[in-house]
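Engineer: Chains as they are written, first to last, in the working numbering: chain U, 1 to 121; chain W, 122 to 312.
Encoded as structure tokens, here's the structure I'll be asking about.
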Amino acid sequence: MAEFLAHYNYWAAIVLAMIGLFAVIARGNLIKKLIGLSLFQTAVFLLFITIGKITGATAPIVGAGFTLYSNPLPHVLILTAIVVSVSTLAVGLALTVAIRRAYGSTEEDEIQHKDRVPERE
Amino acid sequence: MDRKEGRRAIEIYINIVLLFFLVATGLAAVLLRNLLASAMLLGIYGLLMAALWVVLDAVDVAFTEAAVGAGITTVLMLLAIALTERHEKRPSRPPYLALLAALVTGGALVYATGGMPAFGDAAAPAHRHVAPEYIARALDETGVPNVVTAVLASYRGFDTLGEVTVIFTAGMGVLLLIGVGARRRKEGGGS
Chain U
1 MAEFLAHYNY
11 WAAIVLAMIG
21 LFAVIARGNL
31 IKKLIGLSLF
41 QTAVFLLFIT
51 IGKITGATAP
61 IVGAGFTLYS
71 NPLPHVLILT
81 AIVVSVSTLA
91 VGLALTVAIR
101 RAYGSTEEDE
111 IQHKDRVPER
121 E
Chain W
122 MDRKEGRRAI
132 EIYINIVLLF
142 FLVATGLAAV
152 LLRNLLASAM
162 LLGIYGLLMA
172 ALWVVLDAVD
182 VAFTEAAVGA
192 GITTVLMLLA
202 IALTERHEKR
212 PSRPPYLALL
222 AALVTGGALV
232 YATGGMPAFG
242 DAAAPAHRHV
252 APEYIARALD
262 ETGVPNVVTA
272 VLASYRGFDT
282 LGEVTVIFTA
292 GMGVLLLIGV
302 GARRRKEGGG
312 S
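Next up, the structure:
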């Protein structure tokens, strides 16, 4: 039983990732899709940080009186990934604003409908 | 139960409570139709995530998540919503297929965690490779007691340069999409 429950942090990361995946597939609103994308990204961060955690360890800052430190490498990777995720979010939101200016909508089906039925001018 | 064990038990409780809050705010952010409320919930989600990073010993990540994940992300979201629409329209058909895809993928991933080492296991393969070397040598070689900073700025400095390149590219992209480039196209083309 204890062995079965030893993976709950991984499961939480998977649940969060699936909430994000659902939003990206099911929601037609472009901003909602980006919210789903950032949920998925933070879920991946959670997976990495969970791998780096050691029970009873302390933060990886070397100091007297501590011998056991959590793994610093996932932290380094995720620091970079957080910055990259904000960059992708910014570009995605800028694309949404540009699409809204061109099509007058942020709903996927309305945008596709306008592409299929060109306005007569 | 001695003091050390008690501290570990409290850590696990805080961890689990935070995970429940995270799932609840994440779910609410996706299910709400009001985009403004969704953006605010995403900010709360980022702050909860930062708290969880502290529990999981990733203090540097916690700083960054609180500043970037909870701060800048929320500001960007609010700006985008101010420039577009506040409300999301109802989808025309129920999202059964998306639900199925998420459940199947999630089930496969949960099944795969059976092959992962247990949470917090000090003997896991991830902790036996280069990480002990970094922890043992970082203070002598770089003079920085914080191993994360030592790896980020010294050992893997080139990666951080790449990260700065990503930020620069993203900034240029945003400027071209809705800033200078878009205005010039409107003035020149007319269509």
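Note that CB positions come from ideal geometry on N, CA and C, so glycine has one too.
Predicted, not measured: the structure shown is a model, and the values here were computed from it.
Name the residues in the segment 48 to 67 of chain U whose C-beta lies less than 8 Å from a C-beta of chain W; which are they?
Structural biologist: Cβ contacts with chain W come from I49, T50, I51, G52, K53, I54, T55, G56, A57, T58, A59, P60, I61, V62, G63.
Engineer: Please list, in chain order, all residues of the same chain as A44(U) whose beta carbon is under 8 Å from its beta carbon, the five residues on each side excluded.
Structural biologist: In the sequence as displayed, the identity of residue 44(U) is Val instead of Ala. Around V44(U): A13, A17, A81.
Engineer: Are the beta-carbon atoms belonging to G52(U) and L68(U) less than 8 Å from one another?
Structural biologist: No.
Engineer: Could you confirm whether any beta carbon from chain U is found closer than 8 Å to the beta carbon of M161(W)?
Structural biologist: False, the Cβ-Cβ gap to chain U never drops below 8 Å.
Engineer: G241(W) by DSSP, collapsed to three states: which one?
Structural biologist: Here G241(W) sits in strand by DSSP.
Engineer: Could you tell me which chain U residues have their CB closer than 8 Å to the CB of Y313(W), listed as they occur along the chain?
Structural biologist: The structure shown does not extend to residue 313(W), since chain W spans only 122 to 312, so no value can be given for it.
Engineer: Is it true that the CB of L21(U) sits closer than 8 Å to the CB of T96(U)?
Structural biologist: For T96(U) and L21(U), no; Cβs fall outside 8 Å.
Engineer: Near R100(U), which residues of its chain fall below 6 Å by C-beta distance, leaving aside the five closest residues on each side in sequence?
Structural biologist: Only T106 meet the Cβ criterion.
Engineer: So is M1(U) in contact with chain W if we call contact Cβ pairs under 8 Å?
Structural biologist: Since pLDDT at M1(U) reaches only 44, below the 50 mark, its modelled position is unreliable, and the value read off the structure follows with that caveat. Closer than 8 Å: no.
Engineer: Nearest chain U C-beta to G311(W) closer than 8 Å, yes or no?
Structural biologist: Low local confidence applies: a pLDDT of 46 at G311(W) is under 50, so the model's placement there is unreliable, and no value is given.
Engineer: Below 8 Å on the Cβ atoms is my guess for L168(W) versus A149(W); work out the distance and round it to an integer in Å.
Structural biologist: Actually they are not in contact, since the Cβ atoms of L168(W) and A149(W) sit about 15 Å apart, beyond 8 Å.
Engineer: Give the list of continuous beta strand (DSSP E) stretches no shorter than 3 residues that lie fully inside the segment 66 to 98 of chain U.
Structural biologist: Runs found: none.
Engineer: DSSP has I25(U) in a bridge; who is on the other side?
Structural biologist: DSSP, once it has assigned bridges, lists no residue as partnering I25(U).
Engineer: What does K32(U) reach in chain W if we use C-beta pairs closer than 8 Å?
Structural biologist: In chain order: V151, L156, S159, E209.
Engineer: Is the separation between the beta-carbon of A259(W) and that of M198(W) shorter than 8 Å?
Structural biologist: No, the pair does not count as a contact, with Cβ atoms beyond the cut-off.
Engineer: Identify whether E254(W) lies in helix, strand or coil by the three-state DSSP scheme.
Structural biologist: Here E254(W) sits in helix by DSSP.
Engineer: Measure from the alpha carbon of R214(W) to the alpha carbon of each residue in I25(U), I35(U), I19(U), A6(U), then state which is nearest.
Structural biologist: Closest by alpha carbon: I25(U).
Engineer: So if I threshold CB-CB distances at 7 Å, which residues from the segment 225 to 247 of chain W count as touching chain U?
Structural biologist: Taking 7 Å as the Cβ-Cβ cut-off against chain U, the residues of the segment 225 to 247 of chain W that qualify are T226, G227, L230, V231, T234, M237, A239, F240, G241, A243, A247.
Engineer: G104(U) to G294(W), Cα distance in whole Å?
Structural biologist: So the two alpha carbons sit approximately 21 Å from each other.
Engineer: Would you call the segment 177 to 191 of chain W and the segment 220 to 237 of chain W in contact, with 3 or more CB pairs under 8 Å?
Structural biologist: Taking 8 Å as the limit for Cβ pairs, the verdict is that the segment 220 to 237 of chain W does not touch the segment 177 to 191 of chain W.
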